[in-house]
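Respectively, the protein sequence lines represent chains A and B. Counting the first sequence from 1 gives a position; this note's numbering is that position plus 8. For the second sequence, position 27 (counting from the first letter as 1) is numbered 10 according to this note's numbering, and the numbering increases by one without interruption. Don't be surprised by glycine CBs; every beta carbon is placed ideally from N, CA and C. To start, the structure under review is shown below, and the notes come after it.
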Amino acid sequence: MITVNAIGDTCPLPVVKAKNAIKELNGAGTVEVLVDNEIAVQNLAKMAKQKGYGCKSSKVSSSEFHVTLEIGEASAATGVEDIPEVCAVVPGHKKNVVVAINSQRMGHGHDELGAVLMKGFIFALTQQDVLPTTVLFYNGGANLTIEGSASLEDLKNLEAQGVEIMTCGTCLNYYNVSDKLAVGEVTNMYAIVEKLTQADLVVMP
Amino acid sequence: MSDDIGVIQTVDFFPPMVDDPYTFGKIAATNALSDVYAMGGEVKTAMNIVCFPQSWDINMLGEILRGGSEKVIEAGGVLVGGHSINDVDVKYGLSVMGTVHPDKIYANNGGHPGDKLIITKKLGVGIISTAHRVGEATQEAMDKAIESMTSLNKYAAQCCKNYDIHGCTDITGFGFLGHLHEMVDGKLSCKVYADQLPVFEEALEYADEFLLTAVAQQNRNHAGRFIQFDKDISFAMQEVMYDPQSSGGLLIVLPADQAESLLADIQALGVPSAIVGEMMESGDKEIYVTNLNK
């Protein structure tokens, strides 16, 4: 494995240094790049996606990120592959925050207001510096992850940033919308209990 | 100020993106003056804004100011003063005052469905400057980028006066798509023809080499969810469309039946420009990027 220190470097230097290290590998292998900002992580991830490299990153502190690029035999040989690897940003020392959404609406009061608040809550979630590990949807919440949901784009955005989106299968069945799930995966009560009990912090809007 | 004279007051300054101080002065001033043109105004006065390390060679500052003042003169304005402070890094720009008829101020979000979109200047100067900074750009590419960044939007803006401009903005830090997102403003949608965009070929090359800027990624994070790219829009083209333009061209929205005529006027000046899209009724996404010739 080659480790590249790009702390203190502004874009495009981290990517340039990573490319040079990949060249040095001269085949399959691993390159670890140390950078000091999230945008550099995202730019490295874009290159990995275009080139078909595996890519993982962890946040060591607010000013240190480790990005691991896995150059496989195939991608090393062909240079570019069309199949993008998923690149998840999983901060290392981050608290395990689970958001549990049990309704289409946020809070009690007027239903219409509650729906607007929930849409705003999920959007605001996408904008946080520290994202939750998992967002669980059950009971009425299951209606937020299906086709036609006003929050679909935001949830896809969260998923793209590495957040697990899980919806209760029993609930989807009950509301007869199992075939309409549009983001994340189906889960069951065991997994929901496990996520909630193992969380450092559970957020219920 | 009166029924027929309105005042535009703007300010813009930034750190150098080129090594040569005189060139940097010209680019920073061209960019600062551009705000007035994007609003349909005429430049009247300008004041320098300077951050400069006291320990550095003062002649370098002289060169920056010389570049800036030449552009103010070309704009038809008068440099009336300024303010400087000691700082660890260099920054330079202008506060510019211009005038405009209050009924003829260009909004940046005034488009109607069916209107055409014209862009002036080629895209990609951000990527080229970035590649140049790490020694990966050709001098030829950098020279072309500098020529573009030091060209005033004054002349294209003058052409606009003969047409019913519905909206206008200048393309700078948010990139083509970021500024278009502001123009669409949630009220309309817009179709963009990527293959019609004037683009520096070298910028596409350097994007394919992953000479990516931090700002382009920030722009993507900011505007990405409003935009839908067709599958055949390349990664490099996407990057160029998000590329921050230190001193970019104008983005003009006007009625479809006037677009060809305005484009011909602007092209007659030798300014790279093209009709690159059209406004539509509001849809699921704000901006649909496609190719005109499949």
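### Query
What do you reckon, are the CB atoms on residue 108/B and residue 229/B nearer than 8 Å?
Translated into the one-based positions of the second sequence, residue 108/B becomes position 125. Translated into the one-based positions of the second sequence, residue 229/B becomes position 246. Between residue 108/B and residue 229/B, the gap from beta carbon to beta carbon is short of 8 Å.
### Query
Less than 8 Å separating the beta-carbons of residue 169/B and residue 269/B?
Reading the second sequence from its first residue, position 186 is the one you call residue 169/B. Reading the second sequence from its first residue, position 286 is the one you call residue 269/B. Between residue 169/B and residue 269/B, the C-beta gap is smaller than 8 Å, which places the two residues in contact.
### Task
With DSSP as the reference, label residue 199/A as helix, strand or coil.
On the first sequence, residue 199/A is found 191 positions in, with the first residue counted as 1. Reduced to three states, the DSSP call for residue 199/A is helix.
#### Entry: Rounded C-alpha distance that separates residue 100/A from residue 246/B
Here residue 100/A refers to the residue found at position 92 when the first sequence is read from its first residue. Here residue 246/B refers to the residue found at position 263 when the second sequence is read from its first residue. Reliability fails at residue 100/A, whose pLDDT of 43 lies under 50, so the model's placement of it is uncertain and the value that follows must be treated cautiously. Those two C-alpha atoms are separated by around 54 Å.
### Message
Could you give the first and the last residue of the continuous beta strand (DSSP E) run that contains residue 173/B?
### Response
Start at 1 with the first residue of the second sequence, and residue 173/B comes out as number 190. Per DSSP, residue 173/B belongs to the beta strand (DSSP E) from 171 to 176.
### Message
At a CB distance below 7 Å, what residues from the segment 60 to 72 of chain A approach chain B? Give them in sequence order.
### Response
Residues of the segment 60 to 72 of chain A with a Cβ closer than 7 Å to any Cβ of chain B: none.
### Query
Can residue 91/B and residue 166/B be called in contact, C-beta distance under 8 Å?
Taking the first residue of the second sequence as 1, we reach residue 91/B at position 108. Taking the first residue of the second sequence as 1, we reach residue 166/B at position 183. Going by C-beta atoms, residue 91/B is nearer than 8 Å to residue 166/B.
### Message
Given a cut-off of 8 Å on the beta-carbon distance, is the pair residue 20/B and residue 153/B in contact?
### Response
For this step, residue 20/B is matched to residue 37 along the second sequence. For this step, residue 153/B is matched to residue 170 along the second sequence. Taking 8 Å as the Cβ cut-off, residue 20/B and residue 153/B qualify as a contacting pair.
#### Entry: Supposed close pair residue 39/A, residue 12/A - CB separation, criterion 8 Å
Position 31 of the first sequence, counted from the start, is the residue given in the question as residue 39/A. Position 4 of the first sequence, counted from the start, is the residue given in the question as residue 12/A. Indeed, because the Cβ distance is near 6 Å, the residues count as touching under 8 Å.
### Message
Suppose you measure from the CA of residue -4/B to the CA of residue 104/A; what does that come to, to the nearest Å?
### Response
Your numbering for residue -4/B matches position 13 in the second sequence. Your numbering for residue 104/A matches position 96 in the first sequence. Straight through space, the alpha carbons of residue 104/A and residue -4/B are spaced by roughly 42 Å.
### Local Cβ density within 10 Å of residue 184/B, reported as buried at 16 or more and exposed below that
Locating residue 184/B in the second sequence gives position 201, counting from the first residue. Exposed, because fewer than 16 other Cβ atoms sit within 10 Å of the Cβ of residue 184/B.
### Task
Determine the DSSP secondary structure at residue 289/B, reduced to helix, strand or coil.
A query on residue 289/B cannot be resolved here, the shown segment of chain B reaching from -16 to 277 and no further.
### Task
Kindly indicate which three-state DSSP category residue 48/A falls into: helix, strand or coil?
Walking along the first sequence from the start, residue 48/A turns up at place 40. In this structure, residue 48/A counts as helix in the three-state DSSP scheme.
### Message
Could you check whether the Cβ of residue 47/A sits closer than 8 Å to any Cβ belonging to chain B?
### Response
Start at 1 with the first residue of the first sequence, and residue 47/A comes out as number 39. Yes, contact with chain B.
### Task
Tell me whether residue 203/A is buried or exposed, calling it buried when 16 or more other Cβ atoms sit within 10 Å of its Cβ.
Numbered from 1 along the first sequence, position 195 holds the residue referred to as residue 203/A. Label assigned to residue 203/A: buried.
### Query
How many angstroms separate the CA atom of residue 67/B from the CA atom of residue 52/B?
Counting from 1 along the second sequence, the entry for residue 67/B is found at position 84. Counting from 1 along the second sequence, the entry for residue 52/B is found at position 69. Approximately 15 Å between the Cα atoms of the pair.
#### Entry: Proximal chain B residues relative to residue 23/A, where beta-carbon distance stays under 8 Å
Looking up residue 23/A in the first sequence gives position 15. Under the 8 Å cutoff, chain B gives 193, 194 and 195.
### Message
I need the DSSP call for residue 280/B, collapsed to helix, strand or coil.
### Response
Any property of residue 280/B remains undetermined from this structure, which presents chain B solely from -16 to 277.
### Query
In chain order, what residues of the same chain lie with their CB nearer than 7 Å to the CB of residue 241/B, ignoring the 5 residues before and after it?
For the purposes of this step, residue 241/B is identified with residue 258 of the second sequence, where counting begins at 1. Counting only Cβ-Cβ distances below 7 Å, and skipping sequence neighbours, we find 146 and 147.
### Query
Does the segment 128 to 143 of chain A come close enough to the segment 164 to 184 of chain A that 3 or more CB-CB pairs lie under 8 Å?
Put simply, the segment 164 to 184 of chain A touches the segment 128 to 143 of chain A. At least three CB pairs are less than 8 Å apart.
### Message
Does any residue of chain A have a CB that is nearer than 8 Å to the CB of residue 273/B?
### Response
As a first step, residue 273/B is located in the second sequence; it is residue number 290 there, counting from the start. Chain A places no beta carbon closer than 8 Å to that of residue 273/B, leaving this residue out of the contacts.
### Query
Hey, out of 201/A, 139/A and 146/A, whose CA is closest to residue 182/A's CA?
Against the first sequence, residue 182/A aligns to sequence position 174. Taking the Cα of residue 182/A as reference, the smallest distance to any Cα among 201/A, 139/A and 146/A is reached at 146/A.
### Query
Would residue 124/B count as contacting chain A if we go by Cβ distances under 8 Å?
The residue labelled residue 124/B in the question sits at position 141 within the second sequence. By the rule that beta-carbons nearer than 8 Å mark a contact, residue 124/B does not touch chain A.
### Query
Looking at the structure shown, is residue 138/A part of a helix, part of a strand, or coil, going by DSSP?
Within the first sequence, residue 138/A is the residue found at index 130, counting from 1. Here residue 138/A sits in coil by DSSP.
### Message
Between residue 264/B and chain A, is any beta-carbon pair separated by less than 8 Å?
### Response
Looking up residue 264/B in the second sequence gives position 281. It does not; no Cβ of chain A falls within 8 Å.
### Task
In the DSSP assignment, find the alpha helix (DSSP H) that holds residue 183/A and state where it starts and stops.
Stepping through the first sequence from its first residue, residue 183/A is reached at position 175. In the DSSP annotation of this structure, residue 183/A is not part of any alpha helix (DSSP H), being labelled neither H nor E.
### Query
Taking the C-alpha atoms as reference points, what is the distance between residue 219/A and residue 150/A?
There is simply no residue 219/A to check, as chain A begins at 9 and stops at 213 in what is shown.
### Task
Along the beta strand (DSSP E) that carries residue 74/B, what are the first and last residues, could you check?
By one-based count along the second sequence, residue 74/B stands at place 91. It spans 74 to 83 - the beta strand (DSSP E) in which residue 74/B sits, taken as one unbroken run.
### Bridge partners - residue -5/B, DSSP secondary structure assignment
The sequence position of residue -5/B within the second sequence is 12, counting from 1. 77/B.
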